[in-house]
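Right, one structure below, let's go through it.
Residue numbers (our numbering): 13 to 184.
So this is what it looks like as structure tokens:
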């Protein structure tokens, strides 16, 4: 079988105490994420048709005590908008404050969701896009972040730097 290598790729990886990065959380595995990984929030970067039959709906997640935020990103380009990166990172940070884990996913957990997790790491650690991508790749080696995704991360990074600069000026 040519498909063997996939078996060695776990469906998800824990990036830090808050964020898990992974592939579609299939319905059968969802309750395990809640019980074993303390997942109380799911950040979905898929379009509706990609998850409709395979994954829990927002209502089903809610019944398990999980908040789902969907920031649809087209699979073909795989580039989240700057605004969606900001919304997604805010969502993760909101749950981080409550001590929750957040499952960030697209279809394979390689491109769209990895870009979102990189934005989160840029925000939290003031890292450059490159540092964030390398940190994720150490944990989940098969991520695939392309040039256009790096470009939007660079724009996000500039905003983060500008934001921290203006905050430090406000301090007495």
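No residue lacks a Cβ here, since even glycine has one placed at the ideal position from N, Cα and C.
The residue from 66, 96 and 36 with its alpha-carbon nearest to that of residue 168 is 96. One Cα belongs to residue 57, the other to residue 171, and the distance between them is close to 22 angstroms. For residue 35, the three-state secondary structure derived from DSSP is coil. Here DSSP, grouped into helix, strand and coil, assigns residue 120 to coil. Contact between residue 51 and residue 115 holds: CB atoms are separated by about 5 angstroms, below the 8 angstroms threshold.
Annotation: the segment 47-109 contains the following complete segments of the alpha helix (DSSP H) (minimum length 4 residues), in chain order: 60-63, 70-75 and 94-109. Residue environment analysis places residue 137 among the exposed positions, since fewer than 16 neighbouring C-beta atoms fall within 10 angstroms of its C-beta.
When rounded, the separation of the alpha-carbon atoms in residue 22 and residue 156 is 16 angstroms. Under the three-state reduction of DSSP, residue 169 is assigned to helix.
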